[in-house]
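Student:
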Amino acid sequence: MHIAYTEARRRIAAVAAERRDSFLRDGETVPLHQAVGRTVKTSLFSPASTPTCDTSAMDGFAVCSALTASASPQTPLMLRVVGSIVAGDEASTFFDTDVVDGVVPCVEIMTGAPFPLTRSEHCQYDACVPREHTRKSLHDEWLIQIEQPVEWNQHRRVAGGDYSIGDPIAEEGVVLDPRHIMAAASVGVDSFHCFRRVRVGVLSTGAELLQESDSRRTNDRSKIPDANAPYLLAAMRELGAESHFLGTAPDGLIETSEHIRSVMTSASFDIIVSSGAVSAGTMDHIPEALKTLQAAIHFHHVAIRPGHPALLATVPLPNQVDEKVTYFGLPGNPIAAAACFRFLFMPYYHGLLGNSQVPCTTATLRRNPQEPDARIRGLVFSNAKQVDHFRHGRAEMVEGELVAQFSAQQSPAKISPFIAANCWIHVPPATGEVLAGDRLHVYFLHDSSIPVLG
């Protein structure tokens, strides 16, 4: 019996919440170069202020801004270079600020260099004149001219102006990306304390799949490459999970049960994901195999297209009290498996880690010009039933508006149209006629798929 997608999500959230506390107990220290995609367990706060001292934002000349008020194109101000300071120099050298014969002192300074110090109580080096805003004297290489006053703090990065001690870098539950790595490194931190990776086992089913021992050049046309396992393994790793291939379960109820039991006891997995053998065919043994292992089936069949045979269960580990493995049974068709991964597995994964769910956006639907002429009046398709449809397509900015269109071919077995897609488009149940101009939720496949707004 089918359950609604909203009910499936509710059950997914409940199972994730039940498993979360035991999972979140474990943490580990992760070096910066390995931390992208990991989830923070212990919030990180800046141990230092940055920059540690006032530094220059430009190559140029440090000046006391108050001494430049008279500069103008008609009366250029003469500056004498009294020293030079580069990035990496210590901010311990003192320079004079005394004006001699109307000539104002300045210090050549490079980007990132500390601002020069002075013993004067009345005038400090507090601004930088960019090199391109100065003119060299023809008579003295140590003299330059400026033709306008310099504003206080111009091109000066004030100490602590970026991070102050105690500022948050990454709080608990944040999924780390390269920005967090940059921030942590900038304050001298070399690691994060993260939750351990979710350990996921990926299991294939079907005697038709080529095995590793099979020659890829086999002439047996009944054999096909396994597209789902490589996809799922890669998608898990992209999420930040630790994923392992568990082989292909042999056909037969007893053999399938024993294979699942074997992989469950051979390693400690948080989740096992299989593809295929969850529908109603005579060789679809996964549901019954799970029952022989005393699994609790939380749902089997969801009112979604593609992917309605999907299954969620928790399987007790043999001889281990209260220890369970979460099991997702996905359909065998590649696009159905991909849709179920995105809209069933990913909510569980993020719920287990306590992460916020991946956001969606809204786009205006337009008709794909490759659709049949019968739909040329604007009708995209009819969705009168209580079914959530997830169709791949493309979204892009057109004249400042985000618009989306379905891929012309939506067969769950066809992979080539999916390659050209950059998003999933969600059509909620009982929508009726879906027309060009309707506003629908869009979920981008990758961050790199999101079009530039403009």
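If you number the sequence shown the way UniProt numbering does, the last residue is 454 and the count never jumps. Ideal placement from N, C-alpha and C gives every residue a C-beta, glycine not left out. Computed from a predicted structure; not experimentally measured.
Could you check what DSSP says for residue 367 in three-state terms: helix, strand or coil?
Tutor: coil
Student: Can you list, in chain order, the residues of its chain with a C-beta nearer than 6 Å to that of residue 376? Leave out the 5 residues immediately preceding and following it.
Tutor: Only weak support is given to the placement of residue 376: the predicted model assigns it a pLDDT of 43, under 50, and the value that follows is read from those uncertain coordinates. None.
Student: Identify every residue that forms a DSSP beta bridge with residue 392.
Tutor: 424
Student: Tell me the start and end of each unbroken beta strand (DSSP E) in the segment 1-67 that is at least 3 residues and wholly inside, in chain order.
Tutor: 27-31, 60-63
Student: Taking DSSP as the reference, what is the three-state secondary structure of residue 130?
Tutor: strand
Student: Return helix, strand or coil for residue 256, following the three-state DSSP convention.
Tutor: helix
Student: Looking at residue 145: is its Cβ nearer than 8 Å to the Cβ of residue 131?
Tutor: If you check the CB distance, residue 145 and residue 131 do not come in under 8 Å.
Student: Among 15, 383, 43, which residue has its Cα nearest to the Cα of residue 166?
Tutor: 43
Student: Cutting at 6 Å between CB atoms, please list the residues of its own chain near residue 454, excluding the five before and the five after it.
Tutor: Because the pLDDT of residue 454 is 48, which lies under 50, any placement of that residue in the model is unreliable, and the question is left without a value.
Student: Quick check: residue 286 and residue 256, are their CB atoms within less than 8 Å of each other?
Tutor: yes
Student: Return the first residue and the last residue of the alpha helix (DSSP H) that residue 439 is part of.
Tutor: Segment 439-444 is the beta strand (DSSP E) holding residue 439; no alpha helix (DSSP H) there.
Student: Identify, in the order they occur along the chain, each residue of the same chain with its Cβ nearer than 8 Å to the Cβ of residue 197, setting aside the five sequence neighbours on each side.
Tutor: 38, 240, 241, 242
Student: So what's residue 88 in DSSP terms, helix, strand or just coil?
Tutor: coil
Student: Take residue 142 as the anchor and find which of 104, 268, 381 has the nearest alpha-carbon.
Tutor: 104
Student: Could you tell me if residue 116 is buried or exposed, where buried requires 16 or more neighbouring beta carbons within 10 angstroms of its beta carbon?
Tutor: By the Cβ neighbour-count rule, residue 116 is buried, with 16 or more other Cβ atoms within 10 Å of its own.
Student: So residue 367 and residue 409 are in contact, right, with Cβ under 8 Å, and what is the actual spacing, rounded?
Tutor: About 15 Å separates the two Cβ atoms, so there is no contact after all.
Student: What are the start and end residues of the alpha helix (DSSP H) that includes residue 186?
Tutor: 178-186
Student: Which residues in the same chain as residue 57 place their Cβ atom closer than 6 Å to its Cβ, once the five residues preceding and following it in sequence are excluded?
Tutor: 155, 157.
Student: Evaluate contact between the segment 65-72 and the segment 223-233, counting only Cβ atoms and requiring at least three cross-stretch pairs below 8 Å.
Tutor: no
Student: Residue 46 and residue 174 look like a contact to me (Cβ under 8 Å); what is the Cβ gap, rounded to whole Å?
Tutor: So it is not a contact: roughly 15 Å between Cβ atoms.
Student: Residue 427 and residue 391 - do their beta-carbons sit closer together than 8 Å?
Tutor: yes
Student: Give a yes or no on whether the C-beta atoms belonging to residue 84 and residue 126 are separated by under 8 Å.
Tutor: If you check the CB distance, residue 84 and residue 126 do not come in under 8 Å.
Student: For a test of the three-state rule: what should DSSP assign to residue 335, helix, strand or coil?
Tutor: Three-state DSSP puts residue 335 in a helix.
Student: Could you tell me the distance, in whole angstroms, from the CA atom of residue 33 to the CA atom of residue 231?
Tutor: 24 Å
Student: Buried or exposed for residue 41, please, with buried defined as at least 16 other CB atoms from any protein chain shown within 10 angstroms of its CB.
Tutor: With 16 or more other Cβ atoms within 10 Å, it is buried.
Student: Helix, strand or coil: which one does DSSP assign to residue 344?
Tutor: Correct three-state label for residue 344: helix.
Student: Is the segment 326-337 touching the segment 274-293, taking contact as three or more C-beta pairs under 8 Å?
Tutor: yes
Student: Short check: CB of residue 169 to CB of residue 184, under 8 Å?
Tutor: yes
Student: So the candidates are 396, 23, 302; which of them puts its Cα closest to the Cα of residue 352?
Tutor: 23
Student: State the start and end residues of the unbroken beta strand (DSSP E) segment that holds residue 111.
Tutor: No beta strand (DSSP E) contains residue 111, which DSSP labels as neither H nor E.
Student: Counting beta carbon pairs with one atom in the segment 308-327 and one in the segment 1-16, are three or more of them shorter than 8 Å?
Tutor: yes
Student: Can you name, in chain order, every residue of its own chain whose Cβ lies under 8 Å from the Cβ of residue 261, other than the five neighbours on each side?
Tutor: 293, 318
Student: If you reduce the DSSP assignment to three classes, tell me which class residue 147 lands in.
Tutor: coil
Student: Taking the C-alpha atoms as reference points, what is the distance between residue 374 and residue 365?
Tutor: Any answer about residue 374 is weak, because its pLDDT of 43 lies below 50 and its placement is not dependable; what the coordinates show is given next. Going from the Cα of residue 374 to the Cα of residue 365 covers about 17 Å.
Student: For the alpha helix (DSSP H) containing residue 231, name the first residue and the last one.
Tutor: 228-239
Student: Using three-state DSSP, classify residue 412 as helix, strand or coil.
Tutor: Looking at residue 412 - three-state DSSP - the assignment turns out to be coil, as it is neither helix nor strand.
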